[in-house]
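Residues in the sequence shown are numbered from 132 upward in steps of one, following this note's numbering.
Read the structure below first, then the notes.
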Amino acid sequence: MLNHSRSRRLLFFFLFTLLLLTACVSQSQELHEASSRYKTNKDYASLVVLVNHLHQGMARTEVEALLGPADYSPLAGQDYYASDQREPEQETGKEQVVGLVAEYHDKQGKLTEQLQQFWLGHLGE
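So this is what it looks like as structure tokens:
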């Protein structure tokens, strides 16, 4: 028979594991839903959720699985993902699309298949 202290630790471990598993499933579901919404609607809110799941070194195929194909690539290795958000540019006041810039060039300028940099900002050129 287990002593009281050991059974409490086992119960705590079980509850903690269950909580972590629930959080992982919930986060995975949120990510899947945001990906689907962004691919369909190009909504800024979903794009922000997706950007929070990107990381340097992430495979380009993973980025594309989350976001779909890029809306525009001004040059090989730099992809633009537009959103429905518009903001005025500071200098001209002209409305610009806000979106994600995904950069696949390393510091030496070599094209890679891993995400090197990314940021949300105006996509106007």
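Glycine included, C-beta positions come from ideal geometry on N, C-alpha and C.
Extent of the continuous alpha helix (DSSP H) run through LEU178: 175-182
Over what stretch of residues does the alpha helix (DSSP H) that includes LEU198 continue unbroken? 191-198
Of all the options LEU254, LEU251 and TYR235, which has the alpha carbon lying nearest to the alpha carbon of GLN245? TYR235
Report the three-state DSSP secondary structure of LEU162 (helix, strand or coil). helix
Inter-residue Cα distance where the pair is LEU152 and SER159: Annotation note: pLDDT 44 at LEU152 (below 50); position unreliable, no value reported.
Of the listed residues LEU231, LEU254 and GLY240, nearest to LEU185 (C-alpha basis): LEU231
Looking at ALA207: is its Cβ nearer than 8 angstroms to the Cβ of LEU242? yes
If I measure Cβ to Cβ from ASP174 and keep anything under 7 angstroms in the same chain, skipping five residues before and after, which residues do I get? ARG168, SER214 and ASP215
C-alpha gap between TYR203 and LEU162, whole angstroms: 23 angstroms
Going by DSSP, what residue range makes up the beta strand (DSSP E) through LEU227? Correcting the residue type first, residue 227 is Gln in the shown sequence and not Leu. Taken as a continuous stretch (DSSP letters only), the beta strand (DSSP E) holding GLN227 covers 226-234.
Quick check on the burial criterion: 16 or more other C-beta atoms within 10 angstroms. Buried or exposed for ALA165? buried
Just the C-alpha distance for VAL179 and VAL229, rounded to the nearest angstrom, thanks. 11 angstroms
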